[in-house]
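Have a look at the structure below, then the notes.
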Amino acid sequence: MAITFSCHCGKQIKVADKFAGRRAKCPACGGAVTIPQPDASDIDADLVYEALGAQADRESEPAAGATCSACDKPMQEGAVFCTHCGYNRLSQTYVKSAKAYEADEKEPKAPLLVLAGIELNWWKLAVIVIPVIAIPVWYFTGPARDVHVLDVQTVNIVESINAGETREPFNLLTQEGDMSLGIKAVQSKSNPHPMIGGLEETYSLGSNDALVVTRPDESGDHIELEVALKQGAIRDMGRTSMYDSIIDGGDFKLVPIDGGTPLDARLLYHRFDSGAELDLGGADTTNYRTLFPSEPTGLDVDKESGTISGKAYWDQPHAKGQITFASSYSDGDYPAAKGLNANGKVTLTNNAGTTVNMDYAGGSLNIDWDPGATGHWSKRRYDHYSQFSPWHRYHFGLLFKRPEDGGKYKLTYCDKPVATVLIDPAPPPKTPSVSPVKRAKAKNKAAAPSSSSNNPLEYFDVLVAGRQQARGIVSASNMRQIGLGLQIYLDQNGQVWPDRLDQLRNVLSGYELVMVNPRTGDNPGFIYIRPEPGAEPTTTAVLFESSQGKPDPNGAVLYADGHIE
Numbered sequence: 107m108a109i110t111f112s113c114h115c116g117k118q119i120k121v122a123d124k125f126a127g128r129r130a131k132c133p134a135c136g137g138a139v140t141i142p143q144p145d146a147s148d149i150d151a152d153l154v155y156e157a158l159g160a161q162a163d164r165e166s167e168p169a170a171g172a173t174c175s176a177c178d179k180p181m182q183e184g185a186v187f188c189t190h191c192g193y194n195r196l197s198q199t200y201v202k203s204a205k206a207y208e209a210d211e212k213e214p215k216a217p218l219l220v221l222a223g224i225e226l227n228w229w230k231l232a233v234i235v236i237p238v239i240a241i242p243v244w245y246f247t248g249p250a251r252d253v254h255v256l257d258v259q260t261v262n263i264v265e266s267i268n269a270g271e272t273r274e275p276f277n278l279l280t281q282e283g284d285m286s287l288g289i290k291a292v293q294s295k296s297n298p299h300p301m302i303g304g305l306e307e308t309y310s311l312g313s314n315d316a317l318v319v320t321r322p323d324e325s326g327d328h329i330e331l332e333v334a335l336k337q338g339a340i341r342d343m344g345r346t347s348m349y350d351s352i353i354d355g356g357d358f359k360l361v362p363i364d365g366g367t368p369l370d371a372r373l374l375y376h377r378f379d380s381g382a383e384l385d386l387g388g389a390d391t392t393n394y395r396t397l398f399p400s401e402p403t404g405l406d407v408d409k410e411s412g413t414i415s416g417k418a419y420w421d422q423p424h425a426k427g428q429i430t431f432a433s434s435y436s437d438g439d440y441p442a443a444k445g446l447n448a449n450g451k452v453t454l455t456n457n458a459g460t461t462v463n464m465d466y467a468g469g470s471l472n473i474d475w476d477p478g479a480t481g482h483w484s485k486r487r488y489d490h491y492s493q494f495s496p497w498h499r500y501h502f503g504l505l506f507k508r509p510e511d512g513g514k515y516k517l518t519y520c521d522k523p524v525a526t527v528l529i530d531p532a533p534p535p536k537t538p539s540v541s542p543v544k545r546a547k548a549k550n551k552a553a554a555p556s557s558s559s560n561n562p563l564e565y566f567d568v569l570v571a572g573r574q575q576a577r578g579i580v581s582a583s584n585m586r587q588i589g590l591g592l593q594i595y596l597d598q599n600g601q602v603w604p605d606r607l608d609q610l611r612n613v614l615s616g617y618e619l620v621m622v623n624p625r626t627g628d629n630p631g632f633i634y635i636r637p638e639p640g641a642e643p644t645t646t647a648v649l650f651e652s653s654q655g656k657p658d659p660n661g662a663v664l665y666a667d668g669h670i671e
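Residue numbers for the sequence shown follow the numbering used here, so the first one is 107 and each next one is one higher.
Structural data, given as structure tokens:
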């Protein structure tokens with residue numbers, strides 16, 4: 107016999123009556139159906155759907171101890187719906203509970219804002235609003251500032267060109283300068299010299315231009331700021347001329363927050379991470395002496411047939427070496443407007459030990475420095491072709507003398523505060539110990555005051571009594587040698603005092619060694635002051651011990667009559 111029934115989709119299905127009560131899948135819609143009990147009127151049972159019924163029976167009938175595939179909770183044997191989560195194993199859908207229907211019927215929360223038909227709740231609004239506010243704040247307090255300070259560091263410096271006082275030739279336009287140095291030539295942009303490293307930017311060697319070498323040092327005596335200046339700020343401050351933008355060191359100052367004297371800036375423009383080769387022969391200068399690293403200790407010059415030649419040497423604490431040179435002169439016997447041909451080498455150092463080597467090689471000047479140091483081209487002002495974009499930035503450095511007092515300082519541009527800079531206070535200078543001569547003198551005077559003696563050898567007894575350290579004894583001995591050299595010079599030159607200590611070279615053997623002061627570490631370790639004519643010898647000091655280039659208040663003093671205190 108066969109059972110005939112209809113699926114809910116309308117499909118007529120006929121199966122054998124042995125499958126009555128079982129569940130199967132409809133061959134039309136795939137839905138689960140329950141095969142009804144056979145009707146007595148049904149006949150013929152060989153038809154077919156046996157394979158369908160057997161397969162459906164195996165797939166749909168849950169096994170004993172089965173669990174819900176959705177929530178893993180236990181289900182009764184033959185159950186279709188999970189009583190825990192409402193999952194229908196046959197249709198693989200969920201049936202909502204009464205509570206779920208009640209929750210759906212509750213009124214939904216209103217959005218915080220509807221924008222262009224889009225409902226925004228609080229977290230969506232935060233995602234939009236926070237970037238809108240944060241990006242402008244970041245931009246206008248950082249990259250959009252007129253002057254953005256990128257880096258602040260304490261450095262020591264070595265000036266490899268014009269380290270000494272620069273003497274300017276006479277300028278017809280400003281009526282300033284020294285006529286004895288000649289007339290300042292007009293420098294033209296059409297003939298820029300020298301070119302450095304093939305850069306587009308050109309530099310004029312000599313005059314007020316300089317190559318400055320800086321090295322990071324916590325105890326350095328200068329502050330270097332790396333800044334970025336916006337093109338729009340230059341225009342706003344009226345620092346333009348025709349198509350050029352003007353960057354002037356005088357426009358920048360460091361002003362103490364609590365009041366005080368502002369610090370003037372010096373511009374550091376191009377950076378040289380390694381050495382530099384400069385055009386010496388084509389330098390735009392009217393004075394060949396501006397092509398020396400500093401005022402030479404000695405200078406021998408010959409003038410002949412429109413040329414000047416000679417030899418210069420340096421024997422200073424921070425400059426050693428010598429060069430031979432030649433330069434052209436104009437018909438009026440004034441310095442020519444172009445360059446120098448020189449050969450030789452000069453080594454420059456500073457108190458921190460940074461070394462710069464200047465190698466004069468004909469018409470070129472090759473400069474190199476210690477690893478870790480950086481070269482900068484420095485001049486009073488730079489003229490640049492203005493950029494169209496007001497947001498364009500010019501990157502350069504500002505060099506300030508380090509203030510003794512630390513704290514907050516305002517960086518100003520054209521008297522407008524643009525940034526705040528925190529500067530650490532300068533470390534106190536290292537004070538050398540009291541001179542053994544001065545210490546022993548004070549001790550002896552306290553015990554038995556006595557008058558000063560004119561005998562320059564008296565201080566040896568003082569040193570023996572005081573049992574001073576070896577370095578102090580050497581320093582005092584060197585001072586005695588210089589005193590003897592001065593006496594010899596006076597005898598040979600009609601009692602006329604020398605202008606400088608280096609004039610004692612011919613009368614004082616071992617001059618280089620004698621000028622070192624091991625107690626203070628200075629070289630030269632002594633400071634000479636030429637006495638005025640008619641000065642009282644017993645009270646006129648002529649030689650002081652040097653400490654960091656200044657008279658040491660705790661050092662010994664040599665007087666004009668030869669005694670030391």
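Ideal placement from N, C-alpha and C gives every residue a C-beta, glycine not left out.
Proximity to residue i [Cα-Cα], best of the options
i, options, result
"histidine 190", "Lys426, Asp178, Glu183", "Asp178"
"serine 484", "Thr320, Trp228, Arg251", "Thr320"
"arginine 195", "Ser175, Glu638, Pro534, Pro144", "Ser175"
"tryptophan 420", "Gly591, Tyr491, Met464, Pro144", "Met464"
"leucine 369", "Val238, Lys516, Ile267, Glu410", "Lys516"
"valine 602", "Pro637, His114, Ala458, Val580", "Pro637"
"lysine 507", "Asp123, Ala126, Asn262", "Asn262"
"leucine 446", "His490, Gly388, Pro423, Pro322", "Gly388"
"alanine 185", "Asp252, Pro144, Arg129, Leu528", "Arg129"
"valine 106", "Ala122, Ala582, Ile340", "Residue coverage of the chain in this structure runs from 107 to 671, which leaves residue 106 outside it and unanswerable."
"histidine 254", "Ser351, Ile239, His498, Ala647", "His498"
"methionine 348", "Val452, Glu642, Ser492", "Ser492"
"glycine 365", "Gly513, Ile353, Pro180, Gly640", "Gly513"
"serine 433", "Pro237, Val407, Pro659, Glu671", "Val407"
"aspartate 350", "Val580, His490, Asn629, Tyr617", "His490"
"threonine 260", "Ala647, Glu332, Leu596, Thr645", "Glu332"
Beta-carbon contacts of residue i that lie in its chain and below 6 Å, excluding the five residues immediately before and after
i, result
"histidine 501", "Ala334"
"threonine 110", "Lys120"
"proline 538", "Arg625, Thr626, Ser653"
"serine 112", "Gln118"
"proline 133", "none"
Neighbour-count burial assignment, residue i, 16 or more Cβ in a 10 Å radius
i, result
"arginine 486", "exposed"
"leucine 664", "buried"
"glutamate 330", "buried"
"glutamine 118", "exposed"
"tyrosine 207", "Low confidence applies to tyrosine 207: its pLDDT is 42, below 50, so where it sits in the model is not reliable enough to give any reading."
"glycine 468", "exposed"
"serine 541", "buried"
"phenylalanine 650", "buried"
"cysteine 135", "exposed"
"threonine 495", "Reading off the sequence, residue 495 comes out as serine, not threonine. By the neighbour-count rule (16 or more Cβ atoms within 10 Å), serine 495 is not buried but exposed."
"asparagine 599", "exposed"
"arginine 586", "buried"
"methionine 621", "buried"
"asparagine 456", "buried"
"asparagine 227", "exposed"
"leucine 607", "buried"
"proline 144", "buried"
"leucine 100", "Not covered by the structure: residue 100. The range shown for the chain is 107 to 671."
"glycine 591", "buried"
"threonine 460", "buried"
"glutamine 337", "buried"
"histidine 114", "exposed"
Close-in-space but distant-in-sequence residues of the same chain around residue i (CB under 7 Å, 5 per side omitted)
i, result
"alanine 448", "Leu386, Ile429, Thr430, Phe431, Tyr466"
"serine 266", "Leu317, Val319, Pro399, Leu454, Val462, Met464, Ile473"
"arginine 577", "Pro624, Arg625"
Residues near residue i by beta carbon distance below 8 Å, same chain, minus five either side
i, result
"phenylalanine 187", "Tyr193, Asn194, Arg195, Val201"
8 Å Cβ cutoff, residue i in contact with chain D
i, result
"glutamine 198", "The structure shown contains no chain D, having only a single protein chain."
Q | Entirely enclosed alpha helix (DSSP H) segments - the segment 319–402, minimum 4 residues | A | For the segment 319–402, whole alpha helix (DSSP H) runs of length 4 or above, ordered along the chain, are 337–342.
Q.
Whether or not the segment 604–614 and the segment 518–538 are in contact is what I'm after, with contact meaning three or more pairs of Cβ atoms, one per stretch, closer than 8 Å; do they touch?
A. no
Q | Inter-stretch contact (C-beta, 8 Å, three-pair minimum) for the segment 463–477 and the segment 341–359 | A | no
Q) Does the count of Cβ pairs from the segment 413–423 and the segment 358–365 closer than 8 Å reach three? A) no
Q: Decide if the segment 394–402 is in contact with the segment 374–382; the criterion is three or more beta carbon pairs, one per stretch, under 8 Å apart.
A: no
(Q) Restricting to runs no shorter than 4 residues, where is the alpha helix (DSSP H) found entirely within the segment 441–477? (A) The segment 441–477 contains no whole alpha helix (DSSP H) run of 4 or more residues.
Q.
Which runs of the beta strand (DSSP E) at least 3 residues long sit entirely within the segment 599–642? Give them in chain order.
A. 632–634
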